[in-house]
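Asks: Dropping a structure here in structure tokens format, bear with me for questions.
See the structure below:
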């Protein structure tokens, strides 16, 4: 399978038109080849499962942590925050 568009992705909101535009790391958006679109769609479709797995890991690391788990958990919590717009 083709790779998805490399991240990080950023979302820009246009409140006047109630639209969202997603930009890649190079500031590009919009058209790409069909294989990349398919890979992007697969990643987006997996996002709820990935978020659930991160939440499970965060809970586990909090309860069973050590120094290594703590550093992984900080990155996990940051990813959850980004995925949820700041909500946990």
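In our numbering, the protein residues as written are -15 to 72. Virtual Cβ for every residue (Gly too), placed ideally from N, Cα, C.
1. Pull the bridge partners of residue 4 from the DSSP assignment, please.
2. Can you tell me where the alpha helix (DSSP H) with residue 22 in it begins and where it stops?
3. Spatial neighbours of residue 61 within its chain, please: CB distance less than 7 Å, with the 5 preceding and 5 following residues excluded, ordered by chain position.
4. Less than 6 Å between C-beta atoms, sequence neighbours within five positions excluded: which residues of the same chain meet that for residue -5?
5. Taking buried to mean at least 16 other C-beta atoms within 10 Å of its own C-beta, is residue 1 buried or exposed?
6. Here's the rule I'm using: 16 or more other beta-carbon atoms within 10 Å means buried, otherwise exposed. How should residue 29 be labelled?
7. Short check: CB of residue -8 to CB of residue 18, under 8 Å?
Replies: From the atom records:
1. -3
2. 18 to 48
3. 42
4. 4 and 6
5. exposed
6. Counting Cβ neighbours within 10 Å, residue 29 comes out exposed, since fewer than 16 surround it.
7. no
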